[in-house]
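Residue numbers (my numbering), protein chains in the order written: chain Z, 212 to 357; chain P, 212 to 357. No residue lacks a Cβ here, since even glycine has one placed at the ideal position from N, Cα and C.
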């Protein structure tokens, strides 16, 4: 199995609400959309919004609501510390919930978390040890780029 | 907020078990690791394995186990239909659970799902309408690449 990922699909309770959060709220551009799905082109991967029940059915798993933590967090890394604050403020204005205010981290960075309308967690982080190229691709170490 | 993603962190119950699944099982190479975390360099993003309880604490959310579906699915797209079967077989041999055997999809592709040792869902898909470049980056439409 090649060492890569193509799509992240977020199961959502209300597609219109979630699309508005990412599109109007965060200022992202929709790449394509159909009746039940919205796709955003990210850096080499795609973020999809899809009804939660339909996603569970598609994956062949029971679609209980679960309770609390989904066990996954996404992260959006930025180049400068102050961008962490800016992005979290944007997410909050968009109707996101600040799960953890921005703060210095034990690993030497600066980060906070917001939750989207379905509780999907996004960490917004500045990591002084990781490189971001012009396209925003992240490399664990110089020379290991995408 | 720029339209991109940097890291996906999977909360795991047993870091050694999960590392073995991705490293020995799927054949991936660890980019870096520390006592509590393992990083894999993917295409422009990073996949991290981190203890579930610690991830919940880091995000400032309660760490209940939830029940069933986490509301997120990752996808690994391949170029040829038969690769879907190959990758699913690899995942199964590695100790993954086949959540949905490979089959033709309503959207004109071919896909199946496996669950990693913590139940994190990966769809393995061949989508004839999406382009994969040499690095495996996916584009919604020609000209929209990373």
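Selected residue, minimal CA-CA separation from residue i, among the options
{"i": "residue 288(P)", "options": "326(P), 336(P) and 310(P)", "result": "336(P)"}
{"i": "residue 304(P)", "options": "281(P), 232(P) and 219(P)", "result": "232(P)"}
{"i": "residue 285(Z)", "options": "350(P), 298(P), 261(P) and 290(P)", "result": "261(P)"}
{"i": "residue 350(P)", "options": "218(Z), 212(Z), 283(Z) and 213(Z)", "result": "218(Z)"}
{"i": "residue 347(P)", "options": "296(P), 243(P) and 254(P)", "result": "254(P)"}
{"i": "residue 316(Z)", "options": "313(P), 318(P), 270(P) and 323(P)", "result": "270(P)"}
{"i": "residue 214(Z)", "options": "242(P), 247(P), 331(P) and 228(P)", "result": "242(P)"}
Residue burial classification, residue i (beta-carbon count within 10 angstroms, cutoff 16)
{"i": "residue 339(Z)", "result": "exposed"}
{"i": "residue 245(Z)", "result": "exposed"}
{"i": "residue 293(Z)", "result": "exposed"}
{"i": "residue 308(Z)", "result": "exposed"}
{"i": "residue 239(P)", "result": "buried"}
{"i": "residue 264(Z)", "result": "exposed"}
{"i": "residue 278(Z)", "result": "In this prediction, residue 278(Z) scores a pLDDT of 49, lower than 50, which makes its location untrustworthy; the coordinate-derived value is nonetheless stated afterwards. With fewer than 16 other Cβ atoms within 10 Å, it is exposed."}
{"i": "residue 328(Z)", "result": "buried"}
{"i": "residue 345(P)", "result": "exposed"}
{"i": "residue 319(Z)", "result": "exposed"}
Residue i (DSSP reduced to helix, strand or coil)
{"i": "residue 343(Z)", "result": "strand"}
{"i": "residue 235(P)", "result": "helix"}
{"i": "residue 218(P)", "result": "strand"}
{"i": "residue 294(Z)", "result": "helix"}
{"i": "residue 305(Z)", "result": "coil"}
{"i": "residue 268(Z)", "result": "helix"}
{"i": "residue 253(Z)", "result": "coil"}
{"i": "residue 224(P)", "result": "coil"}
{"i": "residue 351(Z)", "result": "coil"}
{"i": "residue 336(P)", "result": "strand"}
{"i": "residue 281(P)", "result": "coil"}
Neighbour flag for residue i against chain P, beta carbons, 8 Å
{"i": "residue 229(Z)", "result": "no"}
{"i": "residue 272(Z)", "result": "yes"}
{"i": "residue 226(Z)", "result": "no"}
{"i": "residue 337(Z)", "result": "no"}
{"i": "residue 329(Z)", "result": "yes"}
{"i": "residue 215(Z)", "result": "yes"}
{"i": "residue 310(Z)", "result": "yes"}
Test: residue i CB closer than 8 Å to a CB of chain Z
{"i": "residue 242(P)", "result": "yes"}
{"i": "residue 232(P)", "result": "no"}
{"i": "residue 260(P)", "result": "no"}
{"i": "residue 313(P)", "result": "no"}
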